[in-house]
Structures are given as C-alpha cells and as structure tokens.
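End of the sequence shown = 545 in full-length UniProt numbering, gap-free, step of one. Note that the Cβ used here is the ideal one computed from N, Cα and C, for glycine as well.
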Amino acid sequence: MCRLTMPPRHPHGRRTRRAAFPSPAVMVFSIEPVSWCKDGADENKKPRRADKSCVQYRHVLVALGFLGLANVYGMRVNLNVALVAMVNHTAVQETTLPSDCPLPSEVSSYNASKASSRATQDGPFTWDPVLQGIVLGSFFYGYIVTPIPGGRMSEAFGAKWLFGLGTFFTGLLSLLIPVAAYAGEGYLIAVRVLQGIGEGVTYPAIEAQVAHWIPINQRATAVSLIHAGGFFGVAVGMYVSGLLAATDFMGGWPSVFYVFGIWTCVWFVLWAIFTSNTPAEHPWAGSEEILMIEADLADQKPTLEKKLPWTDIATSLPVFGVVMAHFGTHWLQYVLVSELPTYLGTVLHFDISKNGFYSALPYVGAIVAGSVSGVAADFLRRRRYMSATAVRKLFNGLAHFVPSVMLLIVPSVGGCNGFVNLLLFVVAGTVRGTSEAGYMAIPVDMAPAYAGTILGICVCIGNTTGFIVPYITGVLTAEENTVRQWSYSFYIAGGVGLFTGLCFQLFASAEVQSWGLGPQRRPTVEEKQMVANGDVQDLEVKTAL
1 MCRLTMPPRH
11 PHGRRTRRAA
21 FPSPAVMVFS
31 IEPVSWCKDG
41 ADENKKPRRA
51 DKSCVQYRHV
61 LVALGFLGLA
71 NVYGMRVNLN
81 VALVAMVNHT
91 AVQETTLPSD
101 CPLPSEVSSY
111 NASKASSRAT
121 QDGPFTWDPV
131 LQGIVLGSFF
141 YGYIVTPIPG
151 GRMSEAFGAK
161 WLFGLGTFFT
171 GLLSLLIPVA
181 AYAGEGYLIA
191 VRVLQGIGEG
201 VTYPAIEAQV
211 AHWIPINQRA
221 TAVSLIHAGG
231 FFGVAVGMYV
241 SGLLAATDFM
251 GGWPSVFYVF
261 GIWTCVWFVL
271 WAIFTSNTPA
281 EHPWAGSEEI
291 LMIEADLADQ
301 KPTLEKKLPW
311 TDIATSLPVF
321 GVVMAHFGTH
331 WLQYVLVSEL
341 PTYLGTVLHF
351 DISKNGFYSA
361 LPYVGAIVAG
371 SVSGVAADFL
381 RRRRYMSATA
391 VRKLFNGLAH
401 FVPSVMLLIV
411 PSVGGCNGFV
421 NLLLFVVAGT
431 VRGTSEAGYM
441 AIPVDMAPAY
451 AGTILGICVC
461 IGNTTGFIVP
471 YITGVLTAEE
481 NTVRQWSYSF
491 YIAGGVGLFT
501 GLCFQLFASA
511 EVQSWGLGPQ
521 RRPTVEEKQM
531 VANGDVQDLE
541 VKTAL
C-alpha cells in the first residue's frame, strides 16, 4: 500500500523531511521542502534524497535511450554500406541488360559527379548477390531469437542492464567483423548472428523502461524521441560508413566497424552510471520527480510481473493488429535500409562516398517526422481532440500507406533518374517516421505491465523481414541487376505495407486491456479523478505486490 500524505508543519514553517523508505508492502511518502540542487542535510548525518534535482532523470533516460538506439541501428546498417566496398563487383561479373541504367560518365553529373572508377570500389571478397543477401540477413537470424525472452526478463528483473549489456555486447562484436570477414564468410555470418542476439533484447527493454519512468501524457513524445535514435543511427551509420569506406583510414571499410564498436563502449559507461530500473531506485533523482511520476502512473503503474497471460495476448485482436503493423513497417524499412545502398550503387551507379549520404537522407527526414509526430500525438491526447486509439491509427496510417505508394511508383516514375528516385525514397522514409507515434507507442498504452513482452513478440515477428527481404531481392537480381528486376522487390514491399497497414486500422486499440495492468487491484473512479486533477496530497493508492 502506498499512501501519499502531507506531513505536519515544522514549528518554523518548514515541512518535515521524508522518512526513509519502509518495506515494499507499505511505503509512506511525504513531500519535503523544496531545495534547488541541494540536499541541505546535516553534515554529520547520512545524506538524504534531495527534494528537487537540477536534472530531471527521466529526460536523461530519454537522451541516453536515443543514443543507445542510435548505436544499435548504426551497427545494424553499417555493413549494408560497407558491403559495397567489401565486394569485388568486377570479379563477381554481375549481369546487366543493355537497356539498364547507363554508367555515370554517360549521364548527368548529379548521379555520381566524377565518381571513382569501379576498380577503386572493388573489395577483396567475391560474393555473389545471393550470398550478399545471406550475409546482410544473417543478423536477423539471431535478432528474432531474443526479443520475447528479453521482454520477459525486463519486466521481471528490470530493463537497465538488459538494454545496456545487449548494446555493449553488440559493440564488442563489431570490433571483430573485419577479422571474421577475412577468415571466411561463415565466420562473418556467425558474428552477425551473435550481434543480432545481443540487439534483440534492446527494443523490449527500453519499452519496459519507459513504462516505469515516463508519465502517461508524455509517453508518445518520449517514445518518439527515443526511437528517433534508431532513425538517427541509420542516417549517421550510412553517412559515416560511406565516408570511412572511401578512405584509407584504418584500412578503409574495416574502420566502419572499429569506430562504431568503440563509441558503443563509451556510451555503455554513461548508461551504467546515469540510469536505473525505476525512479525510486535512482540514486540522484529528486523526491519531487519521483512523486510526480508515481502519482501520474498510479492508474497504470506496472509491476515487475513474472506471470504472463499468454492466452489473453495470443487471442487479442489489438495485439494482432500491432504485430501486423510491425511486420509491414519492418518490410518497408529493410527495403530502404538493406537494399537502398546496393540499388543506388550497382543500378544507379552512385559513388561509394556519396552512396552513404544519399542512403541516409530518408532517415534524416524520419528523425524530424518521428519527433514532431510524437509531440503532436501527445498534444491531441492532452487536449482531447482525438482518442488515444484514433491518434495511433492516424499516424500509423501515414507511416504505412504513404511509403507503400512511393515504393509502388518508383520503377515507373523514377526509372534511371537519380533525382526522382531519391525524392521518392526520401518521402517514403520521412513519412514512415510517423510510426513512432503509432504502432510503437501502443504496447505501453494497451498493457503497461506486459509492454516489453508484447513489443518483444512484435519485434521477433517483424524482424523476420530482415532476412526475408535481402534474400528475396538477391534471388530476384541474381541474373539481371536491372531496374525491372528491382521493381518486383518494390512492388512486393508496397503490397505488404498496404495490407498490414489496413490490419492495424481494423484491429489495433490503445485502450488498456482488461489483463494489461497485471494482477493488481484497479483504482476506483474517485482515485482516477484525484490523480487526473493532481490532487495527490491525501490520496491512498493500494497496490497488491
């Protein structure tokens, strides 16, 4: 039982300090005097928690979560660009039709202004398109294994170390990729599979962390900002990878993996120091911030729940709608992430140093769209212009239908025109960023106690496309690396995006499910109203632990 009370006043007008936390079953919180960044405790006594901290640590969580997912996605996609420099395309002898796109010297300077010769782009490995697809997709053989157990572990034991160590482990493996590649493609595939296993826990873990740290009406903004880190990581990963692969720094393409691995290790140190599983566990968070979060989440606060309602989840139509949304948007994403650098480099003949930059543009737009859509979604909910479900469906509809249409018209409208192709891809990638206020925010809405597990299921199923898409594209383009053959990949992606987007519109819901809060007593109507009004001084919230 948690009781929020106002303690008696000090004889001199100050309120008494809060007592130390008792047992988890009964905790009494008292509002302390406000001090700015200073505890004010007697020097001879044990320091107590400050009433108000200079730093709002939920904002620190969002910032480090953003950087963490940037690392995760940067290491996921850097191989897609580096692979263009790693493969000896001349030795592979890719077949193209005479009517295919002309070489840069035969077209406008925009496509590859004074591009390097093909010889300078050739690398040491003679991997055909099918094997390249397997190498690119191997990451996801491991990635689909750990999201569900990762979600359960984050709910049962806390998400801090799961997210941190999963990212750190992936960074260490990144340092081994050059050695593994020279040892043989089998070793490279094995390292990428292990990287996928490490990254598989990250998304469910950060979702569970959000459920404990972020007030309800700030969630869409927080989720959008955190997940914008993924878009940022793709943009920076592709751009920086293209630049590094075109230089002689640390051997050229190997430097791509060294730089990302080292930076991830630095990030892990910051994450370990400045975050915690819950606000109450944080050593420096102020009592005022903790009390605000606890009061706001009194209606939906999840427990560290070890039992899972599998039947309820498996038979839930809203969960089905979210799973389908993940599958569709990941298919669209991996066409842009995994295949776009190869398409620009081998079909439209963009120079490797510019390929990374152009491939990153859709994700630069996605960063802006994701952040703006999150703020807009919270505004619409806060002002009650739209229901939570309507808000999620609005932004998810944009994220599915617009990119799908763009990919469907790429072959006929874009052709061999570099500028038009880029424009269509940038529009597709930018609008897809609004999904962060759509399907990505719903697991916390519908089931706060099981958000990590639900997202784990979604990530597991959605990321099967990570090896399906490269393999299908490799098969389609193995004999004819032409716009026509690539068009089949774009048509398939557009169809999948439209179908799964429709499933989300029909079945998804942001309403808290009857099983979504775990086995705890539901707050009364009066308690809900008191929390909504901010009147928490005499509110008693009983929670079965």
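Counted within 10 angstroms of its Cβ, other Cβ atoms place Pro403 as buried (16 or more) or exposed: Numbered from its first residue, the sequence shown carries residue 403 at position 403. With 16 or more Cβ atoms within 10 Å of its Cβ, Pro403 is classed as buried.
Going by other Cβ atoms of all chains shown within 10 Å of its Cβ, with 16 needed for buried, is Val77 buried or exposed? One-based indexing of the sequence shown puts residue 77 at position 77. That one is buried.
Assumed close pair Val319, Ile313 - CB separation to whole angstroms, cut-off 8 Å: Taking the sequence shown and counting its residues from 1, the one referred to as residue 319 is at position 319. Taking the sequence shown and counting its residues from 1, the one referred to as residue 313 is at position 313. Right, the Cβ-Cβ distance comes to about 6 Å (below 8 Å), so this counts as a contact.
For Ala451, tell me which candidate among Ile197, Val223, Phe168 has the shortest Cα-Cα distance. Residue mapping note: residue 451 aligns to position 451 of the sequence shown, counting from 1. The option with the nearest alpha carbon to Ala451 is Val223.
Measuring straight from C-alpha to C-alpha, what distance separates Lys307 and Ile454? Residue 307 sits at position 307 when you count from the first residue of the sequence shown. Residue 454 sits at position 454 when you count from the first residue of the sequence shown. Distance between the alpha carbons of Lys307 and Ile454: 14 Å.
Specify whether the region 492-499 and the region 234-241 touch according to this definition: at least 3 beta carbon pairs, one from each stretch, less than 8 Å apart. no
Does the region 372-380 come close enough to the region 477-484 to have 3 or more Cβ pairs within less than 8 Å? no
What's the gap between the Cα of Ile457 and the Cα of Asp248? Along the sequence shown, read from residue 1 onward, the residue named residue 457 stands at position 457. Along the sequence shown, read from residue 1 onward, the residue named residue 248 stands at position 248. For Ile457 and Asp248, the distance between alpha carbons rounds to 42 Å.
For Phe350, which of helix, strand or coil comes out of DSSP? Mapped onto the sequence shown, residue 350 falls at position 350. Three-state result, Phe350: coil.
4-residue-minimum alpha helix (DSSP H) runs that sit fully inside the region 132-212, ordered along the chain: 147-157, 160-174, 177-183, 185-199
Please report the straight-line C-alpha distance between Trp213 and Thr278, rounded to a whole angstrom. Reading the sequence shown from its first residue, position 213 is the one you call residue 213. Reading the sequence shown from its first residue, position 278 is the one you call residue 278. Approximately 6 Å, taken between the alpha carbons.
With a 10 Å radius around its C-beta and 16 neighbouring C-beta atoms as the bar for buried, classify Ala508 as buried or exposed. As a working note, residue 508 is residue 508 in the sequence shown. Per the 10 Å Cβ criterion, buried.
Provide the residue(s) that pair with Phe232 in DSSP beta bridges, ordered along the chain. Along the sequence shown, one-based indexing puts residue 232 at 232. None, per the DSSP bridge assignment.
Residue closest to Ala63, alpha-carbon to alpha-carbon, out of Gly166, Leu225, Thr477: Start at 1 with the first residue of the sequence shown, and residue 63 comes out as number 63. Closest by alpha carbon: Leu225.
Return the CA-CA distance between Gly196 and Ala85, expressed in angstroms with no decimal places. As a first step, residue 196 must be located in the sequence shown, where it is residue number 196. As a first step, residue 85 must be located in the sequence shown, where it is residue number 85. About 22 Å.
With the cut-off set at 8 Å, would you say Gly142 and Leu194 are in Cβ contact? As a working note, residue 142 is residue 142 in the sequence shown. As a working note, residue 194 is residue 194 in the sequence shown. It is a contact, given that the beta carbons lie within the stated cut-off.
Where do the ends of the alpha helix (DSSP H) carrying His282 lie? For this step, residue 282 is matched to residue 282 along the sequence shown. Note, His282: premise wrong, no alpha helix (DSSP H); not H, not E.
Any 3 or more C-beta pairs closer than 8 Å across the region 412-429 and the region 352-369: yes
Coarse secondary structure for Val512, derived from DSSP in three states: As a working note, residue 512 is residue 512 in the sequence shown. If DSSP states are grouped into helix, strand and coil, Val512 belongs with coil.
Let me make sure I understand the geometry here. Which of Phe163, Ala285, Phe260 has the alpha-carbon closest to that of Gly74? For the purposes of this step, residue 74 is identified with residue 74 of the sequence shown, where counting begins at 1. Measuring from the Cα of Gly74, the nearest candidate turns out to be Phe260.
Can you have a look at Pro309 and say buried or exposed, based on whether 16 or more other CB atoms are within 10 angstroms of its CB? Within the sequence shown, residue 309 is the residue found at index 309, counting from 1. Buried, because 16 or more other Cβ atoms sit within 10 Å of the Cβ of Pro309.
Is Val87 helix, strand or coil when you go by DSSP? Working through the sequence shown from its first residue, we reach residue 87 at position 87. Strand, per DSSP.
Between which two residues does the alpha helix (DSSP H) holding Pro124 run? On the sequence shown, residue 124 is found 124 positions in, with the first residue counted as 1. First-last for Pro124: undefined, no H or E at that position.
Is it right to say Leu348 is buried, meaning 16 or more other beta carbons lie within 10 angstroms of its own, or is it exposed? On the sequence shown, position 348 is the one that residue 348 refers to. Its Cβ being crowded by 16 or more others within 10 Å, Leu348 is buried.
Near Tyr471, which residues of its chain fall below 8 Å by C-beta distance, leaving aside the five closest residues on each side in sequence? To locate residue 471, count along the sequence shown from 1; it is residue 471. Excluding sequence neighbours, Tyr471 sits near Val130, Gly133, Ile134, Gly137.
At what residues does the alpha helix (DSSP H) containing Ala388 begin and finish? Your numbering for residue 388 matches position 388 in the sequence shown. Ala388 -> alpha helix (DSSP H) spans 388-409.
Quick one: Cα of Pro147 to Cα of Gly198, how far? The residue given as residue 147 occupies position 147 in the sequence shown. The residue given as residue 198 occupies position 198 in the sequence shown. Approximately 10 Å between the Cα atoms of the pair.
Of all the beta strand (DSSP E) runs that stay within the bounds of the region 464-489, which reach a length of 3 or more residues? none
Measure from the alpha carbon of Phe274 to the alpha carbon of each residue in Gln56, Ala211, Phe327, Ser316, then state which is nearest. Within the sequence shown, residue 274 is the residue found at index 274, counting from 1. It is Gln56 whose Cα lies nearest to the Cα of Phe274.
Tyr439 by DSSP, collapsed to three states: which one? Here residue 439 is taken as the residue at index 439 of the sequence shown, counted from 1. The answer is coil: DSSP assigns Tyr439 none of H, G, I, E or B.
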